[in-house]
Amino acid sequence: MARLRAILIGVPTPDATTPAFAAADAIVERMDRFLKSRFEDAQIVRLGAATRKQDVLDAFATMATALADNTRFVVLFAGHGIAAQEGHELEAWALNGDEFTEDDLAAALVPFRTTDNIVISDCCFGGGMFAAGHHEFPLTSIAAAGADGFVIASIADQLIEEIIAAATGRWTYARLAEQFRTTAFTGRAFEIVTRPPGNMELEILAP
Amino acid sequence: MPPRLLRVMFINFSANQETPTVTAQDTVAEWRLNPTGTYESLTGNSHAANTSPWGFHVPAGGINGFVSMYAVTITNPNPTKLQILQVNGKDPWPPPPIPPALFANCSDFATRYAQFLLALNASPAVSTHRPSLIIVEP
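For the protein sequence lines, the chains are Z and V, in the order given.
Residue numbering for the first sequence follows my numbering, starting at 31 and increasing by one per position.
Residue numbering for the second sequence follows my numbering, starting at 28 and increasing by one per position.
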């Protein structure tokens, strides 16, 4: 039986002017309940609307203690994403007046070399969060959109449902990825990459 | 070329289906705004990137739309009855119009209108650049 450590972040909006992604809280709640029902030894940190970068770093630091080889480490972000573009060269998760970049994620994951890491980036440009770092240790990245893509709120909501349904059905990551490829949302929504590539044949979030 | 997000909304005040002509550079999917239940749904129609201009069907009294990462070209066949709005993904729609026919009895039209095609991108909160410090793993 694997141990489960998770950081679940839901930030509906980073500021007063960006339309709120109201489902962010519900996505976190849905994943929280699913993980607790699936793993007997589950330790989960939830971060909400007021989350700032230091809060995320603190959560990673907390989770990095007392790791064991049979630990699955899940990080979920639901909210707005920030594109890498001119004048802002890093992909990022939009926090409360703050942001958590792809470099921040790569650095935060370094202590998690011995765990099975699954990071879900449920936001626009989410795939770009995995560009930085070497990630030579096990890492499964699930993104609602590629590095150059956006995702509509109602589709992002669906991503978590797809993951949970597939995990419940004991699908492999490869099977879910194939379903994503053949689902015609915009032609580029939802992608899964595992490192090493052979981990695509593993069962999704196996308990 | 940095990613650019464009949200496009068609509001049909006509009693007939209207079919503007659209040319887009990327693959786009058609969405409809719903008067009840979930705010929006895919119509099931999508158009591959760089195809020749295609007709975008907007039902009588309905509101449909799509999102593209690039500028699009649209020809409006009935400017007096078909309103076409374009905003950047992070920007709000302009104030809602009088609801078209399919939304005449919709109690939360303004909310639905504001949420239509909400894309999950945001402006940068802080300016960051590629760091000179490279993460080196042992």
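Idealized CB from N, CA, C, for every residue including glycine.
Under 9 Å from the C-beta of residue i: neighbouring residues of chain Z
i, result
"Y66(V)", "A183 and S184"
"A141(V)", "P49"
"N77(V)", "Within chain Z, no residue comes near N77(V); the closest Cβ sits about 12 Å away, beyond 9 Å."
"L32(V)", "A113, C154 and F180"
Exposure of residue i, with buried meaning 16 or more beta-carbon neighbours within 10 Å
i, result
"S67(Z)", "exposed"
"S65(V)", "Looking at the sequence shown, residue 65(V) is not Ser but Thr. Burial call: exposed."
"M28(V)", "Low per-residue confidence applies at M28(V): pLDDT is 44, beneath 50, and the placement is therefore not dependable, though the value from the model is reported in the following sentence. By the 10 Å Cβ count, M28(V) comes out exposed."
"M31(Z)", "exposed"
"S68(V)", "exposed"
"A89(Z)", "buried"
"H156(V)", "Low per-residue confidence applies at H156(V): pLDDT is 44, beneath 50, and the placement is therefore not dependable enough to give any value."
"E221(Z)", "buried"
"M36(V)", "buried"
"E57(V)", "buried"
"A56(Z)", "exposed"
"E166(Z)", "exposed"
"A149(V)", "buried"
"Q44(V)", "exposed"
"A136(Z)", "buried"
"Q52(V)", "exposed"
Where the alpha helix (DSSP H) containing residue i begins and where it ends
i, result
"R205(Z)", "Y203 to R211"
"Q188(Z)", "A183 to T198"
"E132(Z)", "E132 to L139"
Rounded distance between the beta-carbons of residue j and residue i, thought under 8 Å
i, j, result
"C153(Z)", "G179(Z)", "No, C153(Z) and G179(Z) are not in contact; Cβ-Cβ is about 11 Å, not under 8 Å."
"N24(V)", "G88(V)", "As shown, chain V starts at 28 and ends at 165. That puts residue 24(V) outside it, with no answer to give."
"G171(V)", "R34(V)", "Lying outside 28 to 165, the shown extent of chain V, residue 171(V) is not represented and no answer is given."
"L129(V)", "W120(V)", "The Cβ separation is near 17 Å, so there is no contact."
"L87(Z)", "A138(Z)", "7 Å"
"F155(Z)", "A186(Z)", "Not a contact, Cβ separation roughly 12 Å."
"V104(Z)", "L65(Z)", "7 Å"
"L34(Z)", "F69(Z)", "4 Å"
"A141(V)", "P49(Z)", "7 Å"
"T202(Z)", "M159(Z)", "That belief does not hold up - the Cβ atoms of T202(Z) and M159(Z) are roughly 23 Å apart, past 8 Å."
Cross-chain neighbours of residue i in chain V, by beta carbon under 8 Å
i, result
"P141(Z)", "Chain V residues near P141(Z): none, gap ~11 Å exceeds 8 Å."
"I315(Z)", "Residue 315(Z) lies beyond the range of chain Z shown here (31 to 237); nothing can be said about it."
Neighbouring residues, chain Z, relative to residue i (Cβ below 7 Å)
i, result
"V94(V)", "F180 and I182"
"P119(V)", "P49"
"L60(V)", "Neighbours of L60(V) on chain Z: none; closest Cβ ~11 Å, over 7 Å."
"L5(V)", "Nothing about residue 5(V) can be read from this structure; chain V reaches only from 28 to 165."
Extent of the continuous beta strand (DSSP E) run through residue i
i, result
"Q142(V)", "That residue, Q142(V), is in no beta strand (DSSP E); its alpha helix (DSSP H) goes F136 to Q142."
"T48(V)", "T48 to T50"
"I90(V)", "I90 to S95"
"N147(Z)", "D146 to D152"
"L112(V)", "L109 to N115"
"V223(Z)", "A219 to R225"
"S171(Z)", "L169 to A175"
"I101(V)", "T100 to T102"
"W123(Z)", "A122 to A124"
Within chain V, the residues that residue i reaches when beta carbons sit closer than 7 Å
i, result
"P168(Z)", "Residues of chain V passing the Cβ test: none, with the nearest at roughly 14 Å."
Where residue i meets chain Z, residues with beta-carbon distance less than 8 Å
i, result
"L144(V)", "I182"
Residues that residue i contacts on chain V, provided the C-beta gap is smaller than 9 Å
i, result
"G109(Z)", "L147 and A149"
Legend entry - Whole beta strand (DSSP E) elements within the stretch 33-117 of chain Z, 3-residue minimum: 33-41, 72-77 and 101-109
Legend entry - Secondary structure, beta strand (DSSP E): runs of 3+ residues fully inside the stretch 32-67 of chain V: Secondary structure within the stretch 32-67 of chain V: the beta strand (DSSP E) runs of 3 or more consecutive residues, fully enclosed, are 33-39, 48-50 and 55-60 (chain order).
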